[in-house]
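Respectively, the protein sequence lines represent chains A and B. For the first sequence, the working numbering gives the first residue as 681, with consecutive numbering after it. For the second sequence, the working numbering gives the first residue as 1041, with consecutive numbering after it.
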Amino acid sequence: MFMSNQKNIQSVAAFYNKLSVGIAGVVVIMGMCYLYTTNRVAVQGYSIREAEQEIASLKQDNKQLRIQEAELKSLYRIEEAGKRLNMFEPTEVSYIEDTHPIALR
Amino acid sequence: MKKIRSLKGKNQKPFETAGNHWRIHALVFFVVAGACVILIRLYVLQVVAFQKYGDIAENQHMLSEEISPDRGEIYLKDTSNPYPLAVNRQLFLAYVAPKEVGDADAVIRDLSDILQVDRGMIAEKMNHKESMFEVIKKKLSDEEVERVKGLTHKGIHLIPETYRYYPGGELASQVVGFMGFDKDKVVGRYGMEAYWESELRGSFGSVVQEKDAGGRWIPIVDRDVTPAENGDSLVLTMSREVQYEVEKRLKDAVSEFQAESGTVVVMDPNTGRILSMASYPQFNPNEYSKVEDIGLFMNPAVSQPYESGSVMKAITEAIGLEDGKILPDSTYVDTGSVTEGGFTIHNSEDKVYGLQTMTNALEESINTGMIHIEKLVGNKKFLDYFKRFGFGEKTGIELPAELGGNIRNLSDLRNNVQFYTASFGQGVTVTPIQLVSAYSVLANGGKLMKPRIVEKIIHADGSEEEVLPQEVRRVVSEDTAKKMGVMLRSVVTNGHGKKADVPGYVVGGKTGTAQVAKTGSLGYEEGMNIGSFVGYAPINDPKFVVLVKMVNPKGVQWAESSAAPTFQKVMKFLLENAKIQPTESVEAKH
């Protein structure tokens, strides 16, 4: 009887050993999965941040270009440029109403 | 089975057993004592001082920043997209961190060469050895930024800063105003920037997030974000091209007549839209700190009332017509002067005209003719109509520092002399915007429209809010307005307004040459006058009401020689630019 009890104890112990190993294995695997997922999210987070920064930079460049366009379109600036290029403003402007076909050549 | 023998030695005594164990007890005691100290310390740190250390930890782990809103922008109308009149521009600031700098001499030399800054100033800043932030220069040009970025020295840094910028330069400067310091804050000063400060400014936001050991945001953790609300943007009723052309013609006129200053206001009489508001001299809002006379920042169109002189005669005529006391061909006899209460009021140049119609009185600008009308209407009714035309009160235009003029001299209904002089525009002060609004009443069939300068508001979320025309009240009937149109046309064809006529178009208007009141004492300045012309076209379907005001022009005596020809140039451009067909035949020039 003592021997059968010993055998029972040993088999139970073995079972629990295997169970422990199994649980430990699952925990390790889950831990590795978690690490992988977290790492991937972190990497993507930094990618998102880089993309956000690039968008902000492009928006800023667009703004700067709009300002440059406005500066170039400034009529006072064009007037000064015209003077430097020895261009003169016409003093008399006549508007012709074109009621007849105009020959192109 | 073996017996377990006693571990006790044969010769061991009880006392010696206890003494051998005292070291163990002492060790246990000190271990327990140490553990207790640790536990107590843990309790103190984690319970008693929880809040304090929690705050320190949060301060170390958390990064919080204020999110600045983008200030709204201001636009003029343009052919395709609105033209930006006031924008936010990012420019770089160069600074050094003396603590990081290696070769100080090289840094000083290179920065001085690139940024054109005194070497001594940079050297002085470099002497602050423990400092990490010493500003060298703000608002770097693109070329300077590129050259600084090309340097390899340690300790030189660039950071972006946002500034308000006006790409059009002096275009509509008194209308747009500028941003400047008010104590330690940068706020809108003058013009649209000031009036619309709260709408343009927006509201600050914030972001709180964990940071890593390097002080950088950790993107994957939660953020506590309160977004900033960007300011509203404004599109004005004025167009870029019209504003420029009007300013140019005004500048040429002020130069030609060597006037002290000039103002032009153009209004759409049917909607109250201000199509142009120009003053000369102007200033460049990007360089406002260089302006010596801060009076230049004020907008004379709304902030400088003046005694308008004979341009007021059209209003007096309209009052007489509306009250049924006169018709355009009603007559009176002019004797050259009127005496009242010990005062004698003369016509200009002491002329005597004899029998005249009301239309003649306007053509020849006869002071006694206006007194005749005022007497027929009566002081009380005259004052009522005067106020109904908008004089003595602000128009409510969306610009700061608007004044309502001064009609206090009309407060005593028994003081006839004040009413007589007011009938031809002296003794009361009005602003250009009030005058142009009053003439718009005559142009649009009798309604006083509220002048407005904002076409639409663009909110931060992209939605647009249009500002609609607003009728203040009916002032005169359509019949009165029509008759006044004919009379004002007659002033241009037969009277003193000939130089205001635009060939091919039916233009009407009135000149005014007013004396300038002395400041600080009674009477008028010798040799000074303000020349005005107010008119509209085309008479049958008015599209533009234009006021021209020239302060103290030289070499000319009357407004018909200064303000009237300037009006003609402005109106000619407006009519042709709007592609309004001429309605009168024009003789061909040979």
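Glycine included, each C-beta is placed from N, C-alpha and C at the ideal position. Everything numeric in this text was worked out from a predicted model, so none of it was measured.
- How about B:Val1610: is its C-beta nearer than 8 Å to some C-beta of chain A? no
- Query: Beta carbon of B:Pro1440, beta carbon of B:Gly1544: below 8 Å?
  - Reply: no
- Whole-number beta carbon distance between B:Val1305 and B:Leu1614, since they are thought to touch under 8 Å: In fact, because the Cβ distance is near 12 Å, the residues do not count as touching under 8 Å.
- Which residues, taken in chain order from the segment 741-756 of chain A, show a beta carbon closer than 8 Å to some beta carbon of chain B? Lys743, Gln744, Arg746, Ile747, Ala750, Glu751, Lys753, Ser754, Leu755 and Tyr756
- Applying a beta-carbon distance threshold of less than 8 Å, which residues of chain A neighbour B:Pro1124? Within chain A, the residues near B:Pro1124 are Arg746, Ile747 and Ala750.
- Item | Where the alpha helix (DSSP H) through B:Arg1631 begins and ends | Coverage of chain B is limited to positions 1041 through 1630, which leaves residue 1631 of chain B absent and any answer about it impossible.
- Message: Between B:Gly1112 and B:Gly1242, how many whole angstroms is the CB-CB distance? I'm expecting something under 8 Å.
- Response: 7 Å
- Expressed to the nearest angstrom, what Euclidean distance is found between the alpha-carbon atoms of B:Ile1199 and A:Glu732? 19 Å
- Query: How many angstroms separate the CA atom of B:Pro1368 from the CA atom of B:Phe1426?
  - Reply: 20 Å
- Item | Closer than 8 Å to chain A by CB, B:Gly1245 | no
- Determine contact between the segment 1534-1554 of chain B and the segment 1395-1409 of chain B, defined as no fewer than three beta-carbon pairs at a distance below 8 Å. yes
- Message: So for B:Phe1573, helix, strand or coil by DSSP?
- Response: strand
- Message: Here's the rule I'm using: 16 or more other beta-carbon atoms within 10 Å means buried, otherwise exposed. How should B:Met1102 be labelled?
- Response: Its Cβ having fewer than 16 others within 10 Å, B:Met1102 is exposed.
- Query: How many angstroms separate the CA atom of B:Lys1539 from the CA atom of B:Leu1528?
  - Reply: 14 Å
- Item | B:Ala1394 - containing beta strand (DSSP E), residue span | The question names Ala, but residue 1394 of chain B in the sequence shown is Gly. Where B:Gly1394 is concerned, the enclosing beta strand (DSSP E) stretches over Gly1394 to Thr1397.
- Query: So the alpha helix (DSSP H) B:Ile1355 belongs to, where does it begin and stop?
  - Reply: Looking at the DSSP string, the run of the alpha helix (DSSP H) that includes B:Ile1355 is Lys1353 to Glu1362.
- Between the segment 1328-1352 of chain B and chain A, which residues of the former have CB atoms less than 7 Å from a CB of the latter, in chain order? So the list is empty, because no residue satisfies the distance condition.
- Beta carbon of B:Thr1356 nearer than 8 Å to that of B:Met1410: yes
- Query: Which of helix, strand or coil does DSSP assign to B:Arg1492?
  - Reply: In the structure shown, B:Arg1492 sits in a strand (DSSP, three-state: E or B).
- Task: Give the single residue among B:Met1166, B:Asn1121, B:Lys1165 and B:Gln1555 whose Cα lies nearest to the Cα of B:Gln1466.
- Result: B:Gln1555
- Query: Can A:Ala750 and B:Tyr1123 be called in contact, C-beta distance under 8 Å?
  - Reply: In this structure, B:Tyr1123 lies closer than 8 Å to A:Ala750 by Cβ.
- Query: Under a CB-based cut-off of 8 Å, is B:Arg1204 close to chain A?
  - Reply: no
- Exposure of B:Asn1167, with buried meaning 16 or more beta-carbon neighbours within 10 Å: Exposed, since its Cβ has fewer than 16 Cβ neighbours within 10 Å.
- What residues of chain A sit near B:Gln1130, judged by a beta carbon separation below 8 Å? The CB of B:Gln1130 comes closer than 8 Å to the CB of Gln740, Lys743 and Gln744 in chain A, given here in chain order.
- Task: Return helix, strand or coil for B:Glu1170, following the three-state DSSP convention.
- Result: coil
- Task: Please report how far the alpha carbon of B:Leu1191 lies from the alpha carbon of B:Tyr1135, in whole angstroms.
- Result: 13 Å
- Message: Here's the rule I'm using: 16 or more other beta-carbon atoms within 10 Å means buried, otherwise exposed. How should A:Tyr714 be labelled?
- Response: If you draw a 10 Å sphere on the C-beta of A:Tyr714, you find fewer than 16 other C-beta atoms in it, and that means exposed.
- State yes or no: is the beta carbon of B:Gly1208 nearer than 8 Å to at least one beta carbon in chain A? yes
- Task: Report back the beta-carbon spacing between B:Asp1150 and B:Asn1128 to the nearest angstrom; my notes put them in contact at under 8 Å.
- Result: Contact between B:Asp1150 and B:Asn1128 does not hold, since the beta-carbon distance rounds to 31 Å and is not under 8 Å.
- Item | For B:Tyr1284 and B:Met1317, the rounded distance between their alpha carbons | 10 Å
- Own chain residues within Cβ distance below 8 Å of B:Lys1365, not counting five before or after: Ile1413, Leu1416 and Val1417
- Item | Burial state of B:Ala1089 (16 or more Cβ within 10 Å) | exposed
- Item | Sequence ranges, alpha helix (DSSP H) only - wholly within the segment 1312-1385 of chain B, length at least 4 | 1340-1343 and 1353-1362
- Closest by CA to B:Trp1236, which one among B:Leu1079, B:Glu1565, B:Leu1276 and B:Val1185? B:Leu1276
- Query: Does any residue of chain B bring its CB to less than 8 Å from the CB of A:Pro770?
  - Reply: no
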